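Asker: Residue 58 in the numbering used here sits at position 56 of the sequence shown, and the numbers go up by one each step.
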Amino acid sequence: MTESNDHTPDPVHAAARQAGRIVELLDILWEQARNDIPPPYVPVSQLRVMYIVESEDQIRMRALTRLLAAAPPSVCRLVDRLQALGFIERLPCPDNGREVMLSLTGAGREHLARIRACRDEVLVEALTTMPFHKRAMLTEGLAGLQQALAETPMLLVGQHTRPAPKEHDAASA
Numbered sequence: 003m004t005e006s007n008d009h010t011p012d013p014v015h016a017a018a019r020q021a022g023r024i025v026e027l028l029d030i031l032w033e034q035a036r037n038d039i040p041p042p043y044v045p046v047s048q049l050r051v052m053y054i055v056e057s058e059d060q061i062r063m064r065a066l067t068r069l070l071a072a073a074p075p076s077v078c079r080l081v082d083r084l085q086a087l088g089f090i091e092r093l094p095c096p097d098n099g100r101e102v103m104l105s106l107t108g109a110g111r112e113h114l115a116r117i118r119a120c121r122d123e124v125l126v127e128a129l130t131t132m133p134f135h136k137r138a139m140l141t142e143g144l145a146g147l148q149q150a151l152a153e154t155p156m157l158l159v160g161q162h163t164r165p166a167p168k169e170h171d172a173a174s175a
């Protein structure tokens, strides 16, 4: 149950609901603003790959597949599309010739910067309508939320990606 008997929302659940609503509004805003972003249009699924590869430079394809919780052929197709756009490059893995490392190209970094600049414009427009003290509280609250999310075990992006356990190790565990 998310509310107490006196119908006062639990502050943690209320904050979670509010954050969820903001994410939904931002999703709508980003979709509406996609025409302002210079071509090529990159779908959300491919942007997610770019964000992960940016934060985990030279990530192994296998680790990316785990982080996305997707089937290897699906991830391979996403990477193929991004490579065709010149946004991601495949590199040989120095310690395993059968594995591939992924890295964002300069063009990929520039495209993400353009997307972020367009999104920042939309947010700046909205934030300028807020009183200063509320913007200051929002900034502090968002920094705290970002830190809490970065430290949660559920969010594996941005943490050092460990290699997958070898099959015989998993069987013996």
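A virtual CB, placed ideally from N, CA and C, is assigned to each residue, including glycine.
Being a predicted model, the structure only gives us computed values, none of them experimental.
Kindly list the residues whose CB is nearer than 8 Å to the CB of Gln148, restricted to its own chain and excluding five residues on each side of it in sequence; keep chain order.
Answerer: Around Gln148: no qualifying Cβ.
Asker: Do the segment 10–22 and the segment 53–63 make contact, defined as three or more Cβ pairs closer than 8 Å?
Answerer: Result no; under three Cβ-Cβ pairs closer than 8 Å.
Asker: Starting from the Cα of Val77, find the closest Cα among Asn98, Leu104 and Cys95 and give me that residue.
Answerer: Considering only alpha carbons, the answer is Leu104.
Asker: From this set, Leu49, Asp59, Pro96 and Glu101, which residue's C-alpha is nearest Leu80's C-alpha?
Answerer: With distances taken between Cα atoms, Leu80 lies closest to Leu49.
Asker: With which residues is Met132 paired in a DSSP beta bridge?
Answerer: According to DSSP, Met132 bridges with nothing at all.
Asker: Would you be able to state if there are at least three C-beta pairs under 8 Å between the segment 107–121 and the segment 84–99?
Answerer: The answer is yes - the segment 107–121 touches the segment 84–99, with three or more Cβ pairs under 8 Å.
Asker: Quick one: measure Cβ to Cβ for Pro40 and Arg116, integer angstroms, because I've assumed they're closer than 8 Å.
Answerer: So it is a contact: roughly 5 Å between Cβ atoms.
Asker: In whole angstroms, what separates the C-alpha of Arg68 from that of Pro133?
Answerer: Distance between the alpha carbons of Arg68 and Pro133: 43 Å.
Asker: I'd like to check one pair, Leu106 with Asp59: are the Cβ atoms closer than 8 Å?
Answerer: Against a cut-off of 8 Å, the Cβ pair of Leu106 and Asp59 comes out as a contact.
Asker: Give me, in chain order, the residues of the same chain whose beta-carbon lies closer than 7 Å to that of Asp171; leave out the 5 immediate sequence neighbours on both sides.
Answerer: A caution first: Asp171 carries a pLDDT of 40, below 50, which makes its placement in the model unreliable, though a value can still be read off. Contacts found: none.
Asker: Which stretch, first to last residue, makes up the alpha helix (DSSP H) that contains Glu58?
Answerer: That residue, Glu58, is in no alpha helix (DSSP H); it is neither H nor E in DSSP.
Asker: Output yes or no for whether 8 Å exceeds the beta carbon distance between Cys95 and Arg118.
Answerer: No.
Asker: Taking Asp29 and Cys120 to be in contact with their CB atoms under 8 Å, please state how far apart those CB atoms are, rounded to whole angstroms.
Answerer: The pair is not a contact, with the Cβ atoms about 15 Å apart (cut-off 8 Å).
Asker: Please determine, among Leu151, Leu31, Arg23 and Ala21, the residue with the shortest C-alpha to C-alpha distance to Glu127.
Answerer: Closest option to Glu127, Cα to Cα, is Leu31.
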